[in-house]
Amino acid sequence: MRGQEHEWTDLMRSANAGDTAAYHHLLSAITPVLRAAARRGLLRAGQSPDQSEDIVQDTLLAVHLKRHTWDAKAPFAPWLFTIARNKLIDALRRRGRRVFLDIDDFTDVLPGEEAPEVTNGVDIEAHLKTLPQRQRDVLQSISVDGLSITETAKKFEMKEGAVRVALHRGLSTLAARARKDLI
């Protein structure tokens, strides 16, 4: 990667000096790296990577429009990745604070309509008591009381994203502990 970063820096210097071939070569070299970074960032944020190409295009446009602001004495990669990170954040803000979770990850811990009192010898109540209070409250509110994410957020004066995180972490912890009991 170090050699690549030096190559990008040299290409950007040449491009800013008027070498259009160097500029085209630079854009061709950074595009796949930006695409991978955008996909990874979206997935890390719990989002579908379908918007990654838009983020790449926004980043390339910003590089083109702001390339005169790049300090030729500094490495190019940190400047580029700062722009890419900001474009990712902008895209996530535009999309909203929705987090997409696969329900299959939670089927082991969510009660069904005919859930028995004790599931295969796993004491869910005991595991619930070991969770941090906030996670326990969120799980109780959503899974037992049937409140929505929005209602739970208002009830506990939390942001909806924080409620989703607490729910996800609590369910994941319960699932992991239940699996250990079954082994």
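With UniProt numbering as the guide, the letters of the sequence shown map in order to residues 1 to 183.
Idealized CB from N, CA, C, for every residue including glycine.
From a predicted model like this one, the values you see are computed outputs, not experimental measurements.
Residue environment, residue i, which counts as buried when at least 16 other CB atoms sit within 10 Å
i	result
Gly3	exposed
Ala115	Only weak support exists for where Ala115 lies, its pLDDT of 46 falling under 50; the coordinates are left without a value.
Arg164	buried
Gly146	exposed
Ala37	buried
Ala28	As written in the sequence, residue 28 is Ser, which differs from the Ala given in the question. Result: exposed.
Bounding residues of the alpha helix (DSSP H) (the contiguous stretch that carries residue i)
i	result
Gly41	Thr20 to Arg44
Ile142	Taken as a continuous stretch (DSSP letters only), Ile142 belongs to no alpha helix (DSSP H), as it is neither H nor E.
Assumed close pair residue i, residue j - CB separation to whole angstroms, cut-off 8 Å
i	j	result
Pro49	Arg39	4 Å
Leu174	Val138	At roughly 12 Å, the Cβ-Cβ gap does not stay under 8 Å, so Leu174 and Val138 are not in contact.
Rounded straight-line distance, which links the Cα of residue j to that of residue i
i	j	result
Asp123	Ala178	8 Å
Ile55	Lys87	6 Å
Asp90	Ala62	13 Å
Ala17	Leu34	24 Å
Gly46	Arg169	13 Å
Asp58	Asp10	23 Å
Ala126	Gln133	14 Å
residue 217	Met12	Residue 217 lies beyond the residue range present for the chain, which begins at 1 and ends at 183; the question has no answer from this structure.
Ser143	Lys159	18 Å
Glu5	Ser141	50 Å
Ala176	Leu92	30 Å
Ala162	Arg95	17 Å
Leu42	Ile83	15 Å
Distance cut-off 7 Å: residue i Cβ against heavy atoms of the ligand COA
i	result
Thr130	The ligand COA is not part of this structure, which contains no ligands at all.
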